[in-house]
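J.: Those sequence lines, one after another, are chains A and B. One gets this note's numbering by counting positions in the first sequence from 1 and adding 729 to each. One gets this note's numbering by counting positions in the second sequence from 1 and adding 277 to each. Beta carbons are placed, not taken as given, at the ideal position from N, Cα and C, and that holds for glycine.
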Amino acid sequence: MSHKMHNKFFPTPKYLSKPSFGLDISDVSIKFLEFLETRDGVRLGRFGERSIPSGIIESGKIAEPKHLKDILLSLSKEEGISSVRVSLPEEQIYLFKLKVPREGAGNIREMIELSLEEYVPIPPAEVVFDYELLQEDEQNFEVEVAAIQKSVIESYLYIFKDCGLVVPSFELEAQALARAVVKEGDMDAYMILDCGNNRTGIAIISRGIVVFTSTLDTGGEMLTKLIEKNFKVTFTEAEKMKIKYGLTRNTENQEVFSTLLNGVSILRDEINKHFIYWHTTRGEDGKERPPIKKIILCGRGANLAGFSEYLSIGMHQKVELADVWSNVALPADYIPEISFEESMGYATAIGLALADLKYD
Amino acid sequence: MINLLPVEEKKNIASKYHVRMFVFYLYIAGACFLMALFALLPSYFMSSVGENFASAKLESLKNLPVSVPDKETMGAIKDINMKISLIENAEKNNFSILDKVVDEIISRKMPDIKITDINYEKKDGVKNIKLNGVAPNRERLLLFRQMLEADPDFSSVDLPISNFVKGENINFDLNLTAK
């Protein structure tokens, strides 16, 4: 709190801080985005996307370091990027809550380290972890711990260093998403769906902190392939059809709607499972979990026409598209040079770049 | 904010930040030094010119022919030198004895005896003191003489008889010889 206040009144000068880009790395693409702090507010700086050929990153693990290095090198050269805040896919991260007794908690890190073996199936020496304080009472500290295999972090770090890029932070993808789409200071529980091409990330945010994450191996590409197969068209044509018709039901769209419904219903059922799990189980502390206020959709896949309405009706819940600029102090007369649909795909990168403004 | 960057890397970034800050402060210090240098340059040049001007004036004054001092000036100089020499040699000539003699006289003096003049002279090793003063009457003057005679520091006390001619408010002359 005091650090925040200090930064509010005595912000780190730009000549001392190193402005960073938000870099959202997935198996299929790298998205980058930066914010520029101006006198009248924050403006969108450079942003863009580079596709990653399949096989270079698999489920968040780097399979072809050399190819990834080439992509990052060209990116840093073309865009003049020197510092990046990177998101890590949930598949590689272990997230859990832990109660650390106050007695003997001289060093919370050491206490967590001693408990790591109970939660992470990797020897503690091979784990990199960090924590965030959720709450505290007279007996205990309740902390949220995220842990990842050291070799995964090192493989990323090695490549970034090799490309001359400084990495001030490696964050959970869901944490970055939450920073972008959940209004700062909002303590309610929300489910965030990051609808990607090949995967759908599910994250539950409560009291502003990521408390649950899961990943489904289905995404927008699966829906395109269904159209491709059913209508015997090329992938590009199928993609166009998906964007044009989506899940809006009318005479012209009847067949596409039915085709997409098969895929989307699978997705809905999976999301519903997580939703029900959250509400029917108790937390680690034995208490009831806070009810999810609404489901927030982001990611390019969320732009599928009628998708939010379909989910809302199917799950009997409030579902809405994310406002990825909700926490960005944009000037009143300024509209970012990016369309709403496109901005949905940059939610993670926006959240990462926001960290540069809020925590630097 | 959970940051999964290894602790060593976090420390590394923090130390780099401090290095940047140090370099920045060095730049600021350097800039301040340069600014001070530029700000002081006019003063430096002006004082330098002033110094040169004063030196040149001094040189020209030195080269001027010195006027021969007149007789009166020379006399005044001689007199001052003599006085200075007297003061400087006071210690050498044992003038400090005077303090002791004056103290002795004053300690013997009654309050109604007034001393108006003391002359001290050292000649051939003999220390003569001549006192002038006013005594209220003959009895008091006599008592004063007796007091001085009783003092072992004085070898002789000479109070001429003429001092007793007047009965009251007697202006007396008294000659003492100190041991």
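Buried or exposed for H295 of chain B, please, with buried defined as at least 16 other CB atoms from any protein chain shown within 10 angstroms of its CB.
T.: Residue mapping note: residue 295 of chain B aligns to position 18 of the second sequence, counting from 1. It counts as exposed.
J.: With C-beta atoms as the reference, is I933 of chain A less than 8 Å away from E861 of chain A?
T.: Working through the first sequence from its first residue, we reach residue 933 of chain A at position 204. Working through the first sequence from its first residue, we reach residue 861 of chain A at position 132. No; because the gap between Cβ atoms is not below 8 Å, this pair is not in contact.
J.: What residues in the region 888-916 of chain A bring their beta carbon closer than 8 Å to a beta carbon of chain B?
T.: Cβ contacts with chain B come from V895, V896, P897, S898, F899, E900, L901, Q904.
J.: Smallest Cα separation from R831 of chain A: which of A:Y848, A:N869, A:T1009, A:E842?
T.: For the purposes of this step, residue 831 of chain A is identified with residue 102 of the first sequence, where counting begins at 1. That would be A:N869, whose Cα lies nearest to the Cα of R831 of chain A.
J.: Below 8 Å between beta carbons: does that hold for G1043 of chain A and M1073 of chain A?
T.: Walking along the first sequence from the start, residue 1043 of chain A turns up at place 314. Walking along the first sequence from the start, residue 1073 of chain A turns up at place 344. Contact: no.
J.: Taking C-beta pairs closer than 9 Å, name the residues in chain B that L886 of chain A reaches, listed in chain order.
T.: For the purposes of this step, residue 886 of chain A is taken as the residue at position 157 of the first sequence. Ordered by position in chain B, the residues that pass the 9 Å Cβ test against L886 of chain A are L282, P283, E286.
J.: Taking 8 Å as the threshold, find out whether the region 967-987 of chain A comes into contact with the region 1054-1068 of chain A through three or more Cβ pairs.
T.: They do not touch, by the three-pair rule.
J.: Where DSSP assigns a beta bridge to K1022 of chain A, which residues make up the other side?
T.: Translated into positions along the first sequence, residue 1022 of chain A becomes position 293. For K1022 of chain A, which the question treats as bridged, DSSP gives no partner whatsoever.
J.: What residues are listed by DSSP as bridge partners for R775 of chain A?
T.: Walking along the first sequence from the start, residue 775 of chain A turns up at place 46. Bridge partners of R775 of chain A: none, in fact.
J.: Do you know offhand how far I390 of chain B's Cα is from L436 of chain B's?
T.: Taking the second sequence and counting its residues from 1, the one referred to as residue 390 of chain B is at position 113. Taking the second sequence and counting its residues from 1, the one referred to as residue 436 of chain B is at position 159. Between I390 of chain B and L436 of chain B, the C-alpha separation is close to 14 Å.
J.: List the DSSP bridge partners of K288 of chain B.
T.: Within the second sequence, residue 288 of chain B is the residue found at index 11, counting from 1. DSSP lists no partner for K288 of chain B.
J.: Assign R928 of chain A to buried or exposed, taking buried as 16 or more other Cβ atoms, counted over all protein chains shown, within 10 Å of its Cβ.
T.: Against the first sequence, residue 928 of chain A aligns to sequence position 199. With 16 or more Cβ atoms within 10 Å of its Cβ, R928 of chain A is classed as buried.
J.: In chain A, which residues lie less than 9 Å from M278 of chain B when you measure between Cβ atoms?
T.: Along the second sequence, one-based indexing puts residue 278 of chain B at 1. The contacting residues are D859, E861, S898, E900, Q904, R908, A1084, K1087, Y1088.
J.: Within the 8 Å Cβ cut-off, does M730 of chain A reach chain B?
T.: Translated into the one-based positions of the first sequence, residue 730 of chain A becomes position 1. Summary for M730 of chain A: the model assigns pLDDT 47, below 50, so the residue's position carries little reliability, and this model does not support an answer.
J.: Determine the direct distance from the alpha carbon of A455 of chain B to that of F449 of chain B, and round the result to whole angstroms.
T.: The sequence position of residue 449 of chain B within the second sequence is 172, counting from 1. The sequence position of residue 455 of chain B within the second sequence is 178, counting from 1. The straight-line gap from Cα to Cα measures roughly 19 Å.
J.: Quick one: is L804 of chain A near chain B, going by C-beta distance under 8 Å?
T.: The residue you call residue 804 of chain A lines up with position 75 of the first sequence. Chain B, which has no Cβ nearer than 8 Å to the Cβ of L804 of chain A, makes this no.
J.: Do L1086 of chain A and V771 of chain A have their CB atoms nearer than 8 Å?
T.: For the purposes of this step, residue 1086 of chain A is identified with residue 357 of the first sequence, where counting begins at 1. For the purposes of this step, residue 771 of chain A is identified with residue 42 of the first sequence, where counting begins at 1. It is a contact, given that the beta carbons lie within the stated cut-off.
J.: Alpha carbon to alpha carbon, what distance is there between E426 of chain B and I406 of chain B?
T.: On the second sequence, position 129 is the one that residue 406 of chain B refers to. On the second sequence, position 149 is the one that residue 426 of chain B refers to. Near 14 Å, if we compare the C-alpha coordinates of E426 of chain B and I406 of chain B.
J.: Count Cβ pairs between the region 955-962 of chain A and the region 893-904 of chain A that sit closer than 8 Å; are there 3 or more?
T.: These segments do not touch.
J.: I'd like the span of the beta strand (DSSP E) that includes E766 of chain A, first residue to last.
T.: In the first sequence, residue 766 of chain A corresponds to position 37, counting from 1. It spans 758-767 - the beta strand (DSSP E) in which E766 of chain A sits, taken as one unbroken run.
J.: By the 8 Å beta-carbon criterion, what residues does the region 809-825 of chain A contribute toward chain B?
T.: For the region 809-825 of chain A, which is checked against every Cβ of chain B, the residues closer than 8 Å are L817, I822.
J.: Since I877 of chain A meets chain B, which of its residues come closer than 8 Å, beta carbon to beta carbon?
T.: Counting from 1 along the first sequence, the entry for residue 877 of chain A is found at position 148. Going along chain B in sequence order, the residues near I877 of chain A (Cβ under 8 Å) are L281.
J.: Distance cutoff 8 Å, beta carbons only. Does F305 of chain B sit that close to anything in chain A?
T.: As a first step, residue 305 of chain B is located in the second sequence; it is residue number 28 there, counting from the start. First, the amino acid is wrong: residue 305 of chain B is Ile here, not Phe. By this cut-off, I305 of chain B is not an interface position.
J.: List the whole-angstrom C-beta distance separating G893 of chain A from M951 of chain A, where the pair is believed to meet the contact cut-off of C-beta under 8 Å.
T.: Taking the first residue of the first sequence as 1, we reach residue 893 of chain A at position 164. Taking the first residue of the first sequence as 1, we reach residue 951 of chain A at position 222. About 37 Å separates the two Cβ atoms, so there is no contact after all.
J.: How is T963 of chain A classed by DSSP in three states: helix, strand or coil?
T.: In the first sequence, residue 963 of chain A corresponds to position 234, counting from 1. Note: T963 of chain A maps to coil in three-state DSSP.
J.: By DSSP, does Q868 of chain A sit in helix, in strand, or in coil?
T.: Counting from 1 along the first sequence, the entry for residue 868 of chain A is found at position 139. Q868 of chain A: coil per DSSP, three-state reduction.
J.: Using a Cβ-Cβ cut-off of less than 7 Å, list which residues of the region 747-766 of chain A approach chain B; keep chain order.
T.: Taking 7 Å as the Cβ-Cβ cut-off against chain B, none of the residues of the region 747-766 of chain A qualify.
J.: So does the region 1014-1029 of chain A actually touch the region 1046-1053 of chain A, counting three or more Cβ pairs closer than 8 Å?
T.: Touching, per the Cβ criterion.
J.: Considering only residues of the same chain and omitting the five flanking positions on each side of L901 of chain A, which have a CB-CB separation below 8 Å?
T.: The sequence position of residue 901 of chain A within the first sequence is 172, counting from 1. Excluding residues within five positions, the ones whose Cβ falls inside 8 Å are S816, L817, E819, I822, L824, A875, V939, T942.
J.: If contacts are defined as beta-carbon pairs under 8 Å, then I785 of chain A and L797 of chain A qualify, I think. What distance do you get, rounded to the angstrom?
T.: To locate residue 785 of chain A, count along the first sequence from 1; it is residue 56. To locate residue 797 of chain A, count along the first sequence from 1; it is residue 68. Contact holds; Cβ gap of about 5 Å.
J.: Candidates A:S788, A:I921, A:F889: which alpha carbon is nearest K795 of chain A's?
T.: Position 66 of the first sequence, counted from the start, is the residue given in the question as residue 795 of chain A. If we check each option's Cα against that of K795 of chain A, A:F889 comes out closest.
J.: Using 8 Å as the threshold, is the C-beta distance between G444 of chain B and N414 of chain B below it?
T.: Walking along the second sequence from the start, residue 444 of chain B turns up at place 167. Walking along the second sequence from the start, residue 414 of chain B turns up at place 137. Yes. Within cutoff.
J.: Could you tell me the distance, in whole angstroms, from the CA atom of S844 of chain A to the CA atom of E1038 of chain A?
T.: On the first sequence, position 115 is the one that residue 844 of chain A refers to. On the first sequence, position 309 is the one that residue 1038 of chain A refers to. Roughly 43 Å separates the two Cα atoms.
J.: Closer than 7 Å by beta-carbon distance: list the chain B residues that pair up with I882 of chain A, in chain order.
T.: Counting from 1 along the first sequence, the entry for residue 882 of chain A is found at position 153. By Cβ distance, chain B contributes L281, P283.
J.: Using the Cβ count rule (16 or more neighbours within 10 Å means buried), how would you classify H1008 of chain A?
T.: Within the first sequence, numbered from 1, the residue matching residue 1008 of chain A stands at position 279. Exposed.
J.: Could you tell me if M730 of chain A is buried or exposed, where buried requires 16 or more neighbouring beta carbons within 10 angstroms of its beta carbon?
T.: Position 1 of the first sequence holds residue 730 of chain A. Because the pLDDT at M730 of chain A is just 47, under 50, the model does not fix this residue reliably, and the value given afterwards should be weighed accordingly. The residue in question, M730 of chain A, is exposed, as its Cβ has fewer than 16 Cβ neighbours within 10 Å.
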